[in-house]
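Notes for the one structure printed next.
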Amino acid sequence: MTKFRCVQCREGMVRPMTGPGRTTWMGNLRELPIPDQIATLGCESCGAQYIGAEAASVTEAVRPTYEARLRELAASAADALLRAGSRSGDLERLLGLSQGYLARVRSRKAPSEGLTLLLMLLAEKPRARLAEARRLWERASNAGIRTKAKRARRSRPVRAAA
Amino acid sequence: MVKGTAAQPGGLVVLETRAIMFFGDAMLAHAAAREAIASLRITDFVRTIRQEDICDAYAIQRDGKGWYLKFTVQPPVVVISLHPLEHATTTASGRRVEP
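Sequence order for the protein chains is Z and A.
Number 105 in this note's numbering belongs to position 105 of the first sequence; there are no gaps in the numbering.
Plus 162 on top of the position in the second sequence (first one is 1) and you've got this note's numbering.
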């Protein structure tokens, strides 16, 4: 990679850099530290960061930190929900997860950002939001029953008047 | 020339800004910039911006929506902006691109 002048400050040269203090993003998580030995492109004067062909190795190097952070966030939110009185199995059922999923998240499985966000939202007001979640599932189920009943009424043959 | 430079190893770099974090990660951002430049057509060209660096700005279609793309024309190609259009833009050829 040839060096070039920074388009941000127009003073420093952009060159491959290693060492601490550099960060990147993945999904919705910002400021994920880039391992010291992984080279990235940066301006020696203003510190602006550039993404070059090395992006693939940066992404691979940061992925374990990203996944660990998601596990940490999900586990901490799940703990708050359990402390609020929900049982692990009930929580997994409510979220449509397989049994033992949350235990696997604690040990090794990286949850999706969607699941992590959902757990965090529930954990903000555990009792109220768990009750709301149960109510929503119940309403959705009842709506299904009502739709079925309506269809059945419509398809019932009309008896001829005597 | 820009397409040829950007296609070479090390020929394309993307300035990391908050706007580029629209993409899932740095690798996806770089791949999107490469793809956007490779698919440029003359009718996408909006204007040349002559500051200290000479930049070309384009309004392109990406996933059915209008996007703004700005990059330096001197090698290596440095993508300065790649984000959804904030408002409708008319290209130099008179084509209107909607956000």
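Backbone N, C-alpha and C fix where the C-beta goes; we use that ideal spot for every residue, glycine too.
Item to check | Cβ-Cβ separation, residue 247/A to residue 198/A (assumed contact under 8 Å), whole Å | outcome: At roughly 13 Å, the Cβ-Cβ gap does not stay under 8 Å, so residue 198/A and residue 247/A are not in contact.
Item to check | For residue 187/A and residue 26/Z, believed in contact at Cβ under 8 Å, the rounded distance | outcome: 5 Å
Checklist entry - Can you tell me whether residue 36/Z is buried or exposed, with buried defined as 16 or more other CB within 10 angstroms of its CB? => result exposed
Checklist entry - Among 234/A, 256/A, 255/A, which one has its Cα closest to the Cα of residue 7/Z? => result 234/A
Item to check | Against chain Z: residues of the stretch 223-239 of chain A by CB proximity under 7 Å | outcome: 234, 238
Checklist entry - Grouping DSSP H, G and I as helix and E and B as strand, with all else coil, what is residue 225/A? => result coil
Checklist entry - If we ignore side chains and look at the alpha-carbon of each, how far apart do residue 163/Z and residue 150/Z end up? => result Residue 163/Z falls outside the range modelled here, since chain Z spans only 1 to 162, and no answer is possible.
Item to check | Members of the stretch 34-62 of chain Z near chain A, C-beta cut-off 7 Å | outcome: 41, 48, 49, 50, 51, 52, 53, 55, 56, 58, 59
Checklist entry - What are the residues that DSSP puts in a beta bridge with residue 192/A? => result None; residue 192/A has no bridge partner.
Checklist entry - Near residue 145/Z, what residues of its chain come up, given a Cβ to Cβ distance below 7 Å and the 5 sequence neighbours on each side ignored? => result none
Item to check | Host alpha helix (DSSP H) of residue 209/A (start-end) | outcome: From DSSP, residue 209/A is part of no alpha helix (DSSP H) but of the beta strand (DSSP E) over 207-212.
Checklist entry - In this structure, what does DSSP give as the bridge partners for residue 59/Z? => result Answer is none; residue 59/Z lacks a bridge partner.
Checklist entry - Could you give the distance in angstroms between the alpha-carbon of residue 59/Z and the alpha-carbon of residue 143/Z? => result 44 Å
Checklist entry - Given residue 231/A, which residues of its chain have a CB within under 6 Å of its CB, disregarding the five upstream and five downstream residues? => result 198, 220, 222, 244
Next on the checklist: In the DSSP output, which residue or residues are listed as bridge partners for residue 251/A?
Outcome noted: 259/A
Checklist entry - What is the rounded straight-line gap between the Cα of residue 22/Z and the Cα of residue 34/Z? => result 6 Å
Next on the checklist: Could you compute how far the alpha carbon of residue 207/A sits from the alpha carbon of residue 185/A?
Outcome noted: 23 Å
Checklist entry - Nearest to residue 214/A by alpha carbon, out of 5/Z, 15/Z, 84/Z? => result 5/Z
Item to check | residue 120/Z, enclosing alpha helix (DSSP H) - first and last residue | outcome: 113-124
Checklist entry - Three or more C-beta pairs closer than 8 Å, one from the stretch 66-82 of chain Z and one from the stretch 103-120 of chain Z: is that the case here? => result yes
Item to check | Inter-residue Cα distance where the pair is residue 180/A and residue 30/Z | outcome: 10 Å
Checklist entry - Listed in chain order, which residues of the stretch 179-198 of chain A have Cβ atoms closer than 7 Å to some Cβ of chain Z? => result 183, 186, 187, 188, 189, 191, 192
Checklist entry - In this structure, does DSSP put residue 33/Z in helix, strand or coil? => result strand
Checklist entry - Does any CB atom of chain A fall closer than 8 Å to the CB of residue 18/Z? => result no
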